[in-house]
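Asker:
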Amino acid sequence: MALLFLLLAVPTSPGAAFDAWQYPNDHKVVNVREANSISSYKAMISEVHSFGVRTSKYTEKGLPILARQTSTPKPDRWLMLELRGDGHDEIMLAIRNDNLYIEAFANSSGKWHTFANIRNLIPRATILPFKDSYRGLVNGHANLGTLELGKETTLRALHELAVYKQSVGADTSCVSRALAIMAVTFCEATRLRPIQDYILPKWLSGGATIQKPLYVVRWSDMSCAVLVARQKKGRYNGPEAVKLKDELGMTSLNEVVGALSLILWPKDNSCDSGPITWPRA
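Start counting the sequence shown at -2; every next residue gets the next number (this note's numbering).
1) Within this structure, are the beta carbons of residue 191 and residue 209 separated by less than 9 Å?
2) If we ignore side chains and look at the alpha-carbon of each, how far apart do residue 355 and residue 213 end up?
3) According to DSSP, is residue 74 part of a helix, a strand, or is it coil?
4) Would you call the stretch 16 to 26 and the stretch 226 to 241 in contact, with 3 or more CB pairs under 8 Å?
5) Are the beta-carbon atoms belonging to residue 23 and residue 64 less than 9 Å from one another?
6) How about residue 81 and residue 45: are their beta carbons less than 9 Å apart?
7) Might you give, ordered along the chain, the residues of its own chain that have their beta carbon closer than 6 Å to the beta carbon of residue 200, omitting 5 neighbours on each side?
8) Across which residues does DSSP place residue 109 in a beta bridge pair?
9) Using the Cα positions of residue 145 and residue 157, report the straight-line distance between them to the nearest angstrom.
10) In its own chain, which residues sit with a C-beta less than 7 Å from the C-beta of residue 241, not counting the 5 before and 5 after it?
11) Give me the DSSP bridge partner(s) of residue 276.
12) Contact between the stretch 100 to 111 and the stretch 124 to 144 is defined here as three or more beta-carbon pairs at a separation below 8 Å; is this criterion met?
13) In the structure shown, what three-state DSSP assignment does residue 25 receive?
14) With a 10 Å radius around its C-beta and 16 neighbouring C-beta atoms as the bar for buried, classify residue 235 as buried or exposed.
15) So, residue 260 versus residue 62, is the Cβ gap smaller than 9 Å?
16) For residue 247, which of helix, strand or coil comes out of DSSP?
17) Could you check where the beta strand (DSSP E) with residue 180 kicks off and where it finishes?
18) What is the DSSP secondary structure of residue 84, counted as helix, strand or coil?
19) Can you tell me the Cβ-Cβ gap for residue 189 and residue 258, rounded? I've got them flagged as a contact below 8 Å.
20) What's the gap between the Cα of residue 286 and the Cα of residue 202?
21) Between the Cα of residue 182 and the Cα atoms of 194, 171, 172, which residue gives the shortest distance?
22) From residue 172 to residue 262, what does the alpha carbon distance come to, in whole angstroms?
23) With 16 other CB atoms within 10 Å as the buried threshold, where does residue 54 fall?
24) Distance, Cα to Cα, residue 125 vs residue 79?
25) So, residue 86 versus residue 159, is the Cβ gap smaller than 9 Å?
26) How would you write the range of the beta strand (DSSP E) that residue 207 sits in, first residue to last?
27) Could you tell me which residues DSSP puts in a beta bridge with residue 57?
Here it is, written out as structure tokens:
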């Protein structure tokens, strides 16, 4: 059976029917178990990328700029990414259109869970005892390098989330780690080419790791570097450039552009180099 991608008007379980907080949205269904090739993993990433591009109005250096980030927990549009694994394992990830952050998940019974720092996002949701940052998920971005990535790891993480039921005093490290795996496998790999390149060759064999976790936390700086350079006639010499040169060895703007698949619109149009005058809402 081919890898399943569908754009649907209403979801299947989990979730049964969309609640008001979930609109507007795109709903995609992905069967991870049937992703039996490198090309099928690339197809999954392409679907998430297409969602981000759908609400993009601008490009720079051939790269789509995501929609302007809202100042509220609810974005202008959601991607409801329904993932199917082994047996009856199904989950739904609620992903923002303006930065591709995972803000909530539903287990196989359709019960929504969200994070401690956005507890008012979803009515009647279970509140997880950690925040939606990598510090909350794995005690800091550096620990992303300890995650083993690939198809089977993704399926195990999917299972952890599918069967998760919060109980008082229970260890939540498995579910937080599972969410980190989902974030890297689907979202970081969509934003950043090096992350996708780490995972692709080992999607089936497993054991992929992020060699430079700093790529993840410097996505905003990379995005700013490209937008600032547009204002400065191509110059790559601001505070963002200094960080990228020192920490990731990115000595040219072309290297930055080559690492990006999507550009993040800076919050409040603000970068370390100063305000961004383009794009404008």
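Here a beta-carbon is modelled for each residue, glycine too, at the ideal position from N, C-alpha and C.
Keep in mind it's a predicted model, so treat the numbers as computed, not measured.
Answerer: Result, derived from the coordinates:
1) If you number the sequence shown from 1, residue 191 lands on position 194. If you number the sequence shown from 1, residue 209 lands on position 212. Yes, they are a contact pair.
2) Coverage of the chain is limited to positions -2 through 278, which leaves residue 355 absent and any answer about it impossible.
3) Here residue 74 corresponds to residue number 77 of the sequence shown, with the count starting at 1. The answer is coil: DSSP assigns residue 74 none of H, G, I, E or B.
4) no
5) Residue 23 sits at position 26 when you count from the first residue of the sequence shown. Residue 64 sits at position 67 when you count from the first residue of the sequence shown. No, they are not a contact pair.
6) Mapped onto the sequence shown, residue 81 falls at position 84. Mapped onto the sequence shown, residue 45 falls at position 48. In this structure, residue 45 does not lie closer than 9 Å to residue 81 by Cβ.
7) Taking the sequence shown and counting its residues from 1, the one referred to as residue 200 is at position 203. Result list for residue 200: 35, 38, 147, 148, in chain order.
8) Mapped onto the sequence shown, residue 109 falls at position 112. For residue 109, which the question treats as bridged, DSSP gives the partners 103.
9) Start at 1 with the first residue of the sequence shown, and residue 145 comes out as number 148. Start at 1 with the first residue of the sequence shown, and residue 157 comes out as number 160. Roughly 15 Å separates the two Cα atoms.
10) Translated into positions along the sequence shown, residue 241 becomes position 244. Cβ within range, chain order: 215, 218, 219, 222, 247, 253.
11) To locate residue 276, count along the sequence shown from 1; it is residue 279. Per DSSP, none; premise fails for residue 276.
12) yes
13) For the purposes of this step, residue 25 is taken as residue 28 along the sequence shown, with counting starting at 1. In this structure, residue 25 counts as strand in the three-state DSSP scheme.
14) Taking the sequence shown and counting its residues from 1, one reaches residue 235 at position 238. When all chains shown are included, residue 235 counts as buried.
15) Counting from one through the sequence shown, the residue named residue 260 turns up at place 263. Counting from one through the sequence shown, the residue named residue 62 turns up at place 65. Yes, these two residues count as a Cβ contact at 9 Å.
16) As a position in the sequence shown, residue 247 is number 250, starting the count at 1. Coil at residue 247, not helix or strand.
17) Position 183 of the sequence shown, counted from the first residue, corresponds to residue 180. Unbroken run through residue 180: none, as it is neither H nor E.
18) For the purposes of this step, residue 84 is taken as residue 87 along the sequence shown, with counting starting at 1. Three-state result, residue 84: coil.
19) Counting from 1 along the sequence shown, the entry for residue 189 is found at position 192. Counting from 1 along the sequence shown, the entry for residue 258 is found at position 261. Indeed, because the Cβ distance is near 6 Å, the residues count as touching under 8 Å.
20) This structure leaves residue 286 out entirely; the chain is present only between -2 and 278.
21) On the sequence shown, position 185 is the one that residue 182 refers to. The candidate whose alpha carbon is nearest that of residue 182 is 194.
22) In the sequence shown, the residue the question calls residue 172 occupies position 175. In the sequence shown, the residue the question calls residue 262 occupies position 265. Taking the straight line from one Cα to the other gives about 30 Å.
23) On the sequence shown, residue 54 is found 57 positions in, with the first residue counted as 1. Per the 10 Å Cβ criterion, exposed.
24) The residue given as residue 125 occupies position 128 in the sequence shown. The residue given as residue 79 occupies position 82 in the sequence shown. Between residue 125 and residue 79, the C-alpha separation is close to 20 Å.
25) Counted from its first residue, the sequence shown places residue 86 at position 89. Counted from its first residue, the sequence shown places residue 159 at position 162. Going by C-beta atoms, residue 86 is nearer than 9 Å to residue 159.
26) Stepping through the sequence shown from its first residue, residue 207 is reached at position 210. Neither: residue 207 is in no beta strand (DSSP E) and is coded neither H nor E.
27) By one-based count along the sequence shown, residue 57 stands at place 60. Bridge partners of residue 57: 60.
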